[in-house]
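Report on one structure; see the data block that follows.
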Amino acid sequence: MQAADVVIVGGAVMGSSAAYWLTRMQPGVRVVVVERDPSFVHAVTALSVASIRQQFSTGVNVAISAFGIGFIRDFQASLGVDVGIGSLGLRENGYLFLGHSTEAPGMMAELAALQHGYGAATQVWTPDQIKARFPWLEVEDLTAGSFGPRDEGWFDNMGLLAGFRMAAKLQGAVFLTDEVVGVTMDAGRVAGVQLAQGGALACGALINAAGTRASVVAQMAGLDLPVEPRKRTVFVIDAPNARHPEAPLLVDAGFYLRPEGNQWITATVPQDDCVCDAKDFDPDLHLFEDVIWQQLYARAPGFDAVKVVRHWVGHYDYNTLDQNALLGPHPMVPNFYCMNGLSGHGLQQSPAIGRGLAEHVLSGGWQSLDLSDLSVERVVTGTPFLERAVV
Ligand SMILES: Cc1cc2nc3c(=O)[nH]c(=O)nc-3n(C[C@H](O)[C@H](O)[C@H](O)COP(=O)(O)OP(=O)(O)OC[C@H]3O[C@@H](n4cnc5c(N)ncnc54)[C@H](O)[C@@H]3O)c2cc1C
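Right, here's the structure in full:
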């Protein structure tokens, strides 16, 4: 049986980030990343809308994004290894959350104050201020808007993944194309993993970075994780009468929208949102016509002539307890580590979460950032740690 200090199950953005940080922090540590499909064609990472914001409702999530934006903005310098990816093409157009209720202005002001505490520049606007900045939006039904004038936007998801992978490899991590099909236990701890192609790997610790399959991997160690795949259909649309390259990522009541080159990306959360088959990538095409388009046209009349030019389906790795990351060692199996349940905001969190997990594996505790609010204990005690700003 081959041996590793750490086996990472899943080699997309979370697994590769953990591998990168482990090998950066402790040169010589034996890290093996097992990835069943290195084309990543169905990985959440590859199917992401790839945006980053500081506008979260919990301090820990703002702190995670504050680290993430710096890392992403100066990617090559942050990695510290030249992997030939100079930039992730970050577009800092900001996020604009629209408020519709009488409570929205107060709630947005409260959240902005929290975010300022972590260095964010969130501004709370009146409807008139929204109109002044983005005259192509209708604002009559709004009560407020919350805008991030810096540190928010979108970037190259596959560049981030490739950078972490290449840097981790250069630093000595081994990437295997195989599937983990079993976990061997010894005295309540993970002793190794079994592989689909017949091999086995002994390990000192296991990191579960299996995305939408995180609960399947956890069950191999006798553990329950409340993580399930939930389908999201994303539409790329052409709107010749709406060319606004300066547009932010707009979060309205029933959809979100952002520019992508000369086109736009938009999506919604299905009303009957529920678990889906991990192999089901059939698009819910009716969502554009039935749900998004009417609202979009009401918000911005320039979207009168719209053509869907492309669509794709991705699955959120959805944490049903509280839509927040589940991080760190599992209390029942202390060398089984989780970086799961990212619920639609994991890409931007991967730099900080990979660093945090690596520090925890190597030192036994959280170091640079205290991520204990997101620890797996809350699954065992059934105590949610709610994030209100889930898009
Ligand atoms: C439509 C959509 C939009 C999104 N938009 C954003 C956004 O704007 N901003 C943001 O931050 N996040 C966003 N996300 C979420 C973000 O993309 C994910 O949280 C993040 O990419 C998760 O990465 P991961 O590595 O945990 O999972 P994945 O990318 O799914 O990777 C898991 C990997 O594990 C492998 N694997 C699974 N089981 C095994 C096994 N047994 N053995 C070996 N390998 C295994 C899989 O093949 C896969 O490659 C979005 C997601 C979707 C679907």
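Position one of the sequence shown corresponds to residue 41 (my numbering), numbered consecutively onward.
Each residue gets a CB set at the ideal place from its N, CA and C atoms; glycine is no exception.
This structure is a prediction, so every number in the text was calculated from the model and none was measured.
Out of curiosity, what's the CA-to-CA distance linking Leu136 and Glu178? Indexing the sequence shown from 1 puts residue 136 at position 96. Indexing the sequence shown from 1 puts residue 178 at position 138. Their Cα atoms are separated by approximately 14 Å.
Using alpha carbons as the reference points, say which of Arg298, His355 and Val49 lies closest to Val214. Counted from its first residue, the sequence shown places residue 214 at position 174. Closest by alpha carbon: Val49.
Hey, would you say Ser56 sits closer than 7 Å to Arg173, going by beta carbons? One-based indexing of the sequence shown puts residue 56 at position 16. One-based indexing of the sequence shown puts residue 173 at position 133. Cβ atoms of Ser56 and Arg173: not closer than 7 Å.
What is the rounded straight-line gap between the Cα of Ala52 and the Cα of Leu87? As a first step, residue 52 is located in the sequence shown; it is residue number 12 there, counting from the start. As a first step, residue 87 is located in the sequence shown; it is residue number 47 there, counting from the start. Near 11 Å, if we compare the C-alpha coordinates of Leu87 and Ala52.
Could you give the C-beta distance for Gly384 and Gln335, rounded to a whole number, given that I count them as a contact under 8 Å? Looking up residue 384 in the sequence shown gives position 344. Looking up residue 335 in the sequence shown gives position 295. Going by Cβ atoms, the distance from Gly384 to Gln335 rounds to 20 Å, so no, they are not a contact pair.
Pro67 versus Val420, Leu402 and Gly422, residue with shortest Cα-Cα distance: On the sequence shown, residue 67 is found 27 positions in, with the first residue counted as 1. Here the closest residue by C-alpha is Leu402.
Let me make sure I understand the geometry here. Which of Phe321, Lys209 and Val416 has the alpha-carbon closest to that of Tyr377? Locating residue 377 in the sequence shown gives position 337, where the first residue counts as 1. It is Val416.
Contact under 7 Å by Cβ, Arg298 with Leu289: Taking the first residue of the sequence shown as position 1, residue 298 is located at position 258. Taking the first residue of the sequence shown as position 1, residue 289 is located at position 249. Result yes, Cβ atoms of Arg298 and Leu289 sit closer than 7 Å.
Taking Pro285 as the reference, give the member of Gly134, Tyr60, Gln94 and Phe80 with the closest Cα. Sequence index remark: in the sequence shown, residue 285 carries index 245 (1-based). Looking at Gly134, Tyr60, Gln94 and Phe80, the one whose alpha-carbon comes closest to that of Pro285 is Gly134.
From Ala144 to Thr183, what distance separates their C-alpha atoms? The count along the sequence shown starts at 1 and reaches residue 144 at position 104. The count along the sequence shown starts at 1 and reaches residue 183 at position 143. CA-to-CA, the gap between Ala144 and Thr183 works out to about 7 Å.
Can you list, in chain order, the stretches of the alpha helix (DSSP H) that have 4 or more residues and sit fully within the segment 213-274? Fully enclosed alpha helix (DSSP H) runs of 4 or longer: 254-260.
Taking the C-alpha atoms as reference points, what is the distance between Ile247 and Gly188? On the sequence shown, position 207 is the one that residue 247 refers to. On the sequence shown, position 148 is the one that residue 188 refers to. Approximately 34 Å, taken between the alpha carbons.
Any heavy atom of ligand 1 closer than 6 Å to the beta-carbon of Leu325? Here residue 325 is taken as the residue at index 285 of the sequence shown, counted from 1. Answer for Leu325: no, Cβ out of range of ligand 1.
Give, in chain order, every unbroken run of the beta strand (DSSP E) that is at least 3 residues long and sits entirely within the segment 293-366. If we require 3 residues or more, the beta strand (DSSP E) runs fully inside the segment 293-366 come out as 296-300, 303-307 and 347-359.
Given a cut-off of 7 Å on the beta-carbon distance, is the pair His400 and Gly354 in contact? Walking along the sequence shown from the start, residue 400 turns up at place 360. Walking along the sequence shown from the start, residue 354 turns up at place 314. No, these two residues do not count as a Cβ contact at 7 Å.
Quick check on Arg350: buried or exposed, where buried means 16 or more other Cβ atoms within 10 Å of its Cβ? Mapped onto the sequence shown, residue 350 falls at position 310. With fewer than 16 other Cβ atoms within 10 Å, it is exposed.
Sort Leu387, Lys209 and Trp176 by Cα distance to Pro341 and report the nearest one. For the purposes of this step, residue 341 is taken as residue 301 along the sequence shown, with counting starting at 1. The option with the nearest alpha carbon to Pro341 is Trp176.
Is it the case that the segment 94-101 contacts the segment 151-158, given that we only count it when at least three CB pairs across the two stretches are under 8 Å? yes
Report buried or exposed for Lys347, applying the criterion of at least 16 other Cβ atoms within 10 angstroms of its Cβ. As a first step, residue 347 is located in the sequence shown; it is residue number 307 there, counting from the start. Exposed: under 16 other Cβ atoms inside 10 Å.
Residues that Val276 bridges to, as DSSP identifies them: Working through the sequence shown from its first residue, we reach residue 276 at position 236. The partner list for Val276 (beta bridge, DSSP) reads Ile305 and Arg350.
Is any non-hydrogen atom of ligand 1 found closer than 6 Å to the C-beta of Glu219, if you look at the structure I gave you? For this step, residue 219 is matched to residue 179 along the sequence shown. Within the cutoff, so yes.
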